[in-house]
DNA sequence: GATTATCCTATAGTTTTAGTAGATTAATAA
DNA sequence: TTATTAATCTACTAAAACTATAGGATAATC
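Protein chains in written order, with the numbering used here: chain A, 1 to 136; chain B, 1001 to 1136.
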């Protein structure tokens, strides 16, 4: 299941993306509009800033705003930052690879084989979907 | 991330599938061979029995065995029984649908839109992969 | 009747998730 | 310079989910 962190993060990004101007929007405004706990959203936006797609400004008139065009923001990055690895097992992860302790041989492992397919299909979706595709 | 329950369940099914005969195999044997806690595997196999693909026999000479041919066991069923919904949010789930409390409109929700694509791509993999495809 | 192995229920320990609290820093405006 | 606004940062807590473990009941075989 998708974590609320990711869910809220995506909603916040969408909210910023549909704004006409790229003026800073305070966290409080996003939180109210999307029914999210403000404090929780605070930490989520802080995390999202690491993608480099999001800028922030302190003080009056401050808030968060998109640095890049929504069409340049791929879901691969967003999902990895918020949700973590796209793969469902670490032994098929591209960015977070780790060998399974219990598994003697990856090549013959049925879990590995199945999850490789699932990863590829998910990756295909995330790579070909940008924030722009999510706003009607 | 895939739960260990699902991981172990898949490994157990694979182990049963590669047997030449369809004789009952005791849990202990599967557990030893696949590095799984026996008691944990017990409950997993019990769950898996609900799919109808798995039979069991008590007492001496007993154990678990496949009822159907591996090529007739699709991953959709296995994943749903072990891991739960294939969808990452309940509002795009086919078998476990539930409306999101916080979301006023599904049609315009960006999370809904993205997760619908992800569900379809995962479903495509699971529907077209049987247990037979996972054994080399 | 002894042994073997599944079946079933309850429970405990650990980790992750979701959210809170409160203080700090930076920008703006008076 | 002071007040206000809003992001930043650290620490903590409650609840849920996950990963088992324990112990007995049931059923089949020898």
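For glycine and all other residues, C-beta sits at the position ideal for the given N, C-alpha and C.
When the alpha-carbon of residue 72 of chain A is set against those of A/59, A/127, A/8, A/9, the nearest one is in A/127. Residue 25 of chain A is bridged by DSSP to A/64. Within the same chain, Cβ atoms closer than 8 Å to the Cβ of residue 1033 of chain B are found at 1015, the five residues on either side in sequence being excluded. A Cβ of chain A is located within less than 8 Å of the beta carbon of residue 1035 of chain B. For residue 132 of chain A, the closest of A/47, A/17, A/6 by C-alpha to C-alpha distance is A/17. At a cut-off of 3 residues, the continuous stretches assigned as beta strand (DSSP E) that sit fully inside the segment 1048-1102 of chain B are 1054-1057, 1063-1066. Residue 1120 of chain B and residue 1069 of chain B have their C-alpha atoms spaced approximately 26 Å apart. Among the residues of chain A, those whose CB is under 8 Å from the CB of residue 1135 of chain B are 110, following chain order. Our two residues, residue 47 of chain A and residue 22 of chain A, have alpha carbons roughly 20 Å apart in a direct line.
For residue 5 of chain A against residue 44 of chain A, the beta-carbon gap comes to about 6 Å, under 8 Å, which counts as contact.
Spatial neighbours of residue 1050 of chain B in its own chain (CB-CB distance under 8 Å, excluding positions within 5 residues in sequence) are listed in chain order as 1081. Taking 8 Å as the cut-off, the Cβ atoms of residue 2 of chain A and residue 1115 of chain B count as close. Contact annotation: in the segment 1001-1020 of chain B, residues whose CB is within less than 7 Å of a CB in chain A are 1001, 1002, 1007, 1010, 1011, 1014. Using beta-carbon distances, residue 1071 of chain B does not count as an interface residue toward chain A, since no partner is under 8 Å.
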